[in-house]
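S.K.:
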Amino acid sequence: MTDGPFSMKINRRSVLKAAAAVGVAQVAAPFVISARAADKVKIGLDDPFTGTYAELGKNEKIGCELAVEEINKKGGILGREVELLSEDSTSTNTGTAVQKAHKLIDRDKVDFLLGNVNSAMALATGEVSAQAKVLHIVTGGHTDAVTGTDCHWNVFRVCNTTRMETNSVSQILFNEFGKKWYFITPDYAFGHTLQQGFEASLKKFGGTEAGASLTPLGTTDFSSYLIKAQAANPDVIIFLTAGQDAVNSLKQAVQFGLDKKFHIAGAQQELEVLEGLPENARIGTWVFEWYWNQPNVPHVKEFVAAIRKKNNGKVPTARHWFGYVSTWTCALIANQEKTLDAVKLAKALEGFTLPPEIALMPDKVAYRAGDHQLMPDLYVGHAVSKGAVPEDLFHVDKIVKGTDAALPVSETGCKVTWPA
Amino acid sequence: MNSTLNRQIANALIWALLLTMPYWIGFVGGYTSLASRVVVLALAAMSLNFLLGFTGVLSFGHAAYFGIGAYGVGMTIKYLAPSTPLGILVGMGVAAAAAAIIGTLIVRLRSVYFAMVTIAFGQVFYFIAYRWNAVTGGDDGLSGWRTLPLDFGIGKLDIAGQPLTFYYFVLALFAVAVGIMALLLRSPFGRTLLAIRENERRARFLGIPVEQHIWMSWLISCVFVSLAGTLYALLNNFADPHDLRWDQSGDFVIMAVLGGMRSFWGPLIGAAIFVVLQDYISSQTENWMSFIGLFFVLIVLFFPRGVVGLLRRKAAS
Amino acid sequence: MSLLKVEQVSRRFGSLVAVDQVSMTVEPGEFRAVIGPNGAGKTTFFNLISGFLLPTSGRILFDDQDVTAVKPANRVKLGMARTFQVTEIFPELSVRENLRIPVEVAAGHRLKPWQSRADARAMDERVDELLQRSGLTGKAGRLAGELSHGDQRATEIMMAIALNPRLLLLDEPTAGMGDQETYDVTQLIRKLHREQKLTVVLIEHDMRVVFHLADRVMVLAEGQLLAEGTPDEIAADDAVQEAYLGAEAETA
Amino acid sequence: MTQLILFNVFNGLIIGAFYALMALGLSMILNLSGVINFAHGGFLAIGAYLAYSLTPYIGFWGALAVAPILTAIIGLLVERVLIRRLYGRDPLYSLLLTFGLAFMIEDGTRYLWGPETLPFTIPDWLASPLSSDFFFLTGYRVFMVVLVLVTVGALFLVLNRTRLGIRIRAGSDDLETVSVLGVNVRILRNLNFGLGIYLAGLAGVLAAGMLGLQPTIGNELIMPSFVAIIVGGLGSLPGTLLGGLLIGVASGVTAVFFPSASEAVIYVMMGLVLLIRPRGLLGEEGRVL
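Residue numbers (the working numbering), protein chains in the order written: chain E, 1 to 420; chain U, 1001 to 1317; chain V, 2001 to 2252; chain L, 3001 to 3289.
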């Protein structure tokens, strides 16, 4: 039931059931407005549940839900029950994301805002939450500006900056696979900053850039760029593509046999992407932001088991962890400070260390004062086409501490201004 | 005479509702910035309907001009000069120029073909916004600017700080735009547009140069849609390539049809229903797209004349 | 000086020659009918004159000006107006609005975004006059699409008249009508022609209408000019009898 | 550099062939029924997902044969139940209906198969390059082109030689006459719609082998198909084919010099065509007005 293409059991009955479920349960739902009691502490999640990022957003939501259940079991926030309100920001329409942020803040009066997977939305909703003075934890938007040039006093981030990702992996690439690199870079801020990060490393180590192809976001056919990469004859081809672009580019690179001639590598990689690739395309050196198979780290096993229960038996990915950590952060800091005042909480979060049962990482994990960036461990390793366990598609070779990979606060461009 | 009286009552009612919307929308589950969104999108749908409902020409690419307005205001404030009114004017000006050029290329096409070509041309602007990272911010959208207070010389009005102030700012511009469109539709020029909608061949043989009039109607429609686009960007403090995409155009069309294409206020009603419904359903279920899709299908099959058409038929019977 | 001069026009559709070297001269004030059996090329000939189609060869002169390639809208400006075989009106507008549009176009107001009160009054008066002349005053407020066939036709003719044409082209104005309606429309056309010495070219199927109205008749058959003359001459013409009237008489 | 351009011309032809496959289906439906099928990308996704679910049971080749047919059957049903009601009405309505349908299909596939990218596996021998110099000519791509050529060939054969095909072509030119001649137009349109959707389904199976399988897989592919139709000429199927190939090559070549314009270029092409030759390269006269 857990794997194989027919795991969804598409037969007549389940289609009918599905139709009935869509038709009845969900038609009925809109007209039964659940009473949103005033005495609950509300956490709003503004994340994509439809479109390209739907899977990532949904996984983050599952992580949030697990955290809320646990928090409520342990007495909630300030003794009050916690409620998670989630809104679909869509994957591409930032206007909708902003609107939903307004909705959560203005109408539902949430105490905390979480989200977004999409960097642009993370930035845009950060503006809204800052204006409304609501503590905001960015779950999964990686662009550096969130905790860099566009940082806000109320905005914290649990996922890494792109620079942390490139710094963590570049030494290994350089030492083990060669010093001539070619970049396949998606043409938007995320890709650009990743490439800049790698270029900085190259400069430091004295390597050369064989070239770079800027690929439009949403490219379906990568062959022109792969042809160019092949012609440049590098040691390593670095794929900075994410999500659907990563699936398409890697799938095609393998079909062209590039993996047999060059080493394939990149920065951020996600379990969701590896699962979407055919076995022969699960290759290369990457960075994971969290990984479920950490036998020696306490509490991870319990977390994996708990997520499996909520997730059709599938293991948690970094996205689940993002949702889980950001939700727990709200509870931990509010209970520690005994207040919901955003300014006080934000000040207390500077330098706040996550307890190991939440951090789920071997090293100390803390929010850095100054830019509000979480400093987690990074998992450098390589993709595995077929693991011992079906979902074990990544092998961790080295764990890099976030504090070692991140730029110092002074170089991030972040200057937090606190409200008067 | 009775119908004129009815119309005046309807007008008064609509303006009364619009003027008080921020105060009652909370009771129906909304919030002030949702009210602004309704008015902005209503302006877009009514502008589209100037072409669709009153000239009989189907554009499925109006989002492009909406988006040009949005980027126009954002880029002006970000790169050119810190002035909201200037930004609005630039946004509308650029959209007008684009519409004028595209218009000359397409006025000879009709019905489905016109729709198809407007979609395709709309995508050009979408791709410019989406791909030209250095200038438009690409997929990340155009951020790093914000709505600036209006400077009246004697004092400043901060339209961005309070959702309520912004709502009335939007409503004021809405009133001006809608007023101009209403006057145009009652003018001899407006009547030639109706003539084209009703019977293009007849119009041509009455001595109306049909292409020229369609081009002008297209231009007017695009300019007002771009005004809506500038307001939308000011509402979000953000311009987004998605604003220019064809599915956004589809939303405008469905708003017009839902409310009633033959009616001046129809698209306003359609926009209100659509925006509130979408806001509501998308909070209730992740499968909101199915409902919106189904909604499209049901409207087409059962309410092709829209809410106003339905009301009129009831009133007539 | 003749008002309309058609010189040797032809129109081909692929291998089919719909109109073959037809010439015609219409004098000011004349009422000319064009008749011919089905498929004789009457409507194509008409479309060439009104600018709906371009001729393959030949020339068309209106008021001594070459209008062969002039667009329909511009021919209207020169003083040509036409009606269609299938009534072409604005069905979802009132009769008043139907007439008001051509009145305003004729007054050169079509691009005006606003109208002065005096202008509006002048337009109203002109519309009232047209309504009255056609007997449609009582139906002015109704939607044109809801009128009877005959009234719709009258509306269409008045829309053409509203343009103050010097030449009125009527394409089978009584097609598909009952006797009473045919009579009413015929009377209206006759009245308009008489009242303002209007030059008219009429295509017609119904011989009663033709003989009742026309000064001169021209017969087309298989795209070619078969005969031309007064109604009486045509009625007496053997070739015409053979090609057209004979067949008509038999079926009638 | 010349080699690079040459590579990309080839490559553009491959992609263009794919666009053409989509566009031909769209074009057939547009010509006979006057419907712009916005849901065409949705049907492509259905074809791809069906193939994915069928592969474990009947293999890639079985899925390639069966999935498009199943998709076509769904298409036939959709036409019967929904689209048929809109013939003869303002084209606005069919546009909106298929637009809504596209939403429903995207969401439906997400509901049934989940939002995650699914791994679609093709036979190993297809998934490797044919030669190391022309490494971009993978077996799969060559196979795709061959299949598109065969399909297009068969389509034109059907249209020119069979009774159904001849009626479809005649109906596209002049529906009134065809119906007067006693052809059942309802059935004709139904079958024609099915045929168009079959092509979308086939394109879906092919796309799944090259791209990640996601509910939005068809969204990026439908617009180039529109452009292919306009460039090639409204009403002309050979034109559509030509249009597809041309825009494929144009975007392939642009990607060498100016990647971020590789999509915009096809719209610029369309603008030029409309400016210089409004009815499209092989379009029929009179379709424009």
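The beta carbon of each residue, even a glycine, is placed where N, CA and C say it ideally should be.
Are the beta-carbon atoms belonging to Glu272/E and Thr317/E less than 8 Å from one another?
M.R.: yes
S.K.: Near Tyr1130/U, what residues of its chain come up, given a Cβ to Cβ distance below 7 Å and the 5 sequence neighbours on each side ignored?
M.R.: Gly1138, Asp1139 and Pro1241
S.K.: Is there at least one Cβ from chain E nearer than 8 Å to Thr1032/U's Cβ?
M.R.: yes
S.K.: Please work out which residues of its chain come closer than 7 Å, Cβ to Cβ, to Gly1103/U, disregarding the five sequence neighbours upstream and downstream, and give them in chain order.
M.R.: Trp1215, Trp1218 and Leu1219
S.K.: Quick one: which residues of the region 1090 to 1113 of chain U get their C-beta closer than 8 Å to a C-beta of chain C? List them in chain order.
M.R.: The question asks about chain C, but that chain is absent: this structure's protein chains are E, U, V and L.
S.K.: Note down the Cα distance separating Gly3293/L from Leu3070/L, rounded to an integer number of angstroms.
M.R.: Since the displayed chain L opens at 3001 and closes at 3289, residue 3293/L lies outside it and no answer follows.
S.K.: Let me make sure I understand the geometry here. Which of Asp47/E, Leu135/E and Phe49/E has the alpha-carbon closest to that of Pro419/E?
M.R.: Of the listed residues, the one whose Cα sits closest to Pro419/E is Leu135/E.
S.K.: Starting from the C-beta of Pro2028/V, find all residues in its chain whose C-beta is less than 7 Å away, skip the five residues before and the five after it, and write them out in chain order.
M.R.: By the criterion of a C-beta distance shorter than 7 Å, Pro2028/V is surrounded in its chain by Leu2003 and Thr2199, once the five residues flanking it on both sides are discounted.
S.K.: Please identify the residue among Thr3121/L, Leu3159/L and Phe3099/L whose C-alpha is closest to the C-alpha of Ile1119/U.
M.R.: Phe3099/L
S.K.: Please tell me whether Arg36/E has its Cβ less than 8 Å away from any Cβ of chain U.
M.R.: Unreliable positioning characterises Arg36/E in this predicted model, as indicated by a pLDDT of 44, which lies under 50. The coordinate reading is nonetheless provided below. For Arg36/E, the closest Cβ of chain U is not nearer than 8 Å.
S.K.: So Ala54/E packs on Ser91/E, CB below 8 Å; how close in whole Å?
M.R.: 7 Å
S.K.: I need the straight-line Cα distance from Leu3272/L to Gly3280/L, nearest angstrom please.
M.R.: 10 Å
S.K.: Mind checking whether Met1116/U and Phe3038/L have CB atoms under 8 Å apart?
M.R.: no
S.K.: My parser needs the alpha helix (DSSP H) runs of 4 or more residues fully inside the region 1050 to 1119 of chain U; what are they?
M.R.: Taking 4 residues as the minimum length, the alpha helix (DSSP H) runs contained wholly in the region 1050 to 1119 of chain U are 1063 to 1075 and 1084 to 1106, in order along the chain.
S.K.: Under 8 Å, Cβ to Cβ, is there at least one residue of chain L near Ile227/E?
M.R.: yes
S.K.: Which stretch, first to last residue, makes up the alpha helix (DSSP H) that contains Ser2010/V?
M.R.: Not the alpha helix (DSSP H): Ser2010/V falls in the beta strand (DSSP E), residues Leu2004 to Phe2013.
S.K.: Under a Cβ-count criterion, where at least 16 other Cβ atoms within 10 Å of its own Cβ denotes burial, should Asp2237/V be classed as buried or exposed?
M.R.: buried
S.K.: Give me the subset of the region 3213 to 3230 of chain L whose CB atoms are less than 8 Å from a CB atom of chain U, sorted by chain position.
M.R.: Those would be Met3223, Phe3226, Val3227, Ile3229 and Ile3230, in chain order.
S.K.: Restricting to Cα atoms, I'd like to know which of Asp235/E, Asp245/E, Phe198/E and Pro234/E is closest to Pro216/E.
M.R.: The residue from Asp235/E, Asp245/E, Phe198/E and Pro234/E with its alpha-carbon nearest to that of Pro216/E is Asp245/E.
S.K.: Please confirm if Val1275/U has its CB atom under 8 Å from at least one CB of chain L.
M.R.: no
S.K.: Please report the straight-line C-alpha distance between Val1135/U and Gly1141/U, rounded to a whole angstrom.
M.R.: 10 Å
S.K.: Closer than 7 Å between beta carbons: that is the criterion. Which residues of the region 3175 to 3194 of chain L meet it against chain E?
M.R.: none
S.K.: At a CB-CB cut-off below 9 Å, which residues of chain E make contact with Ser1143/U?
M.R.: Thr94, Ala120, Leu123, Ala124, Glu127, Ala145 and Asp150
S.K.: With 16 other CB atoms within 10 Å as the buried threshold, where does Asn160/E fall?
M.R.: buried
S.K.: Pull up the distance between the alpha-carbon of Tyr1023/U and that of Glu60/E, whole angstroms please.
M.R.: 36 Å
S.K.: Kindly indicate which three-state DSSP category Glu83/E falls into: helix, strand or coil?
M.R.: strand
S.K.: Please work out which residues of its chain come closer than 7 Å, Cβ to Cβ, to Ile3247/L, disregarding the five sequence neighbours upstream and downstream, and give them in chain order.
M.R.: Gly3016, Tyr3019, Pro3224, Val3227, Ala3228, Val3231, Ile3266 and Met3269
S.K.: Strictly under 8 Å for the Cβ-Cβ distance: is Gln1123/U near chain L by that measure?
M.R.: By the rule that beta-carbons nearer than 8 Å mark a contact, Gln1123/U touches chain L.
S.K.: Return the first residue and the last residue of the alpha helix (DSSP H) that Arg1202/U is part of.
M.R.: Boundaries of the alpha helix (DSSP H) harbouring Arg1202/U: Glu1200 to Arg1204, taken from the DSSP string.
S.K.: Run down chain U in chain order and give the residues with a C-beta less than 8 Å from the C-beta of Arg2100/V.
M.R.: Correct list: Arg1191.
S.K.: Beta-carbon of Val110/E versus every beta-carbon of chain U: anything under 8 Å?
M.R.: no
S.K.: Using beta-carbon positions only, say whether Leu1227/U and Ala1064/U come within less than 8 Å of one another.
M.R.: no
S.K.: Report all residues from its chain with a CB closer than 6 Å to the CB of Ser3262/L; omit the five preceding and five following residues, and keep chain order.
M.R.: Ser3251, Thr3254 and Ala3255
S.K.: What residue ranges within the region 270 to 329 of chain E form continuous beta strand (DSSP E) runs of no fewer than 3 residues, ordered along the chain?
M.R.: 285 to 288
S.K.: Within 8 Å (strictly less), CB to CB, does Leu1183/U reach chain V?
M.R.: Interface residue, yes.
S.K.: Should Leu1018/U be labelled buried (16 or more other beta-carbon atoms within 10 Å of its own) or exposed?
M.R.: buried
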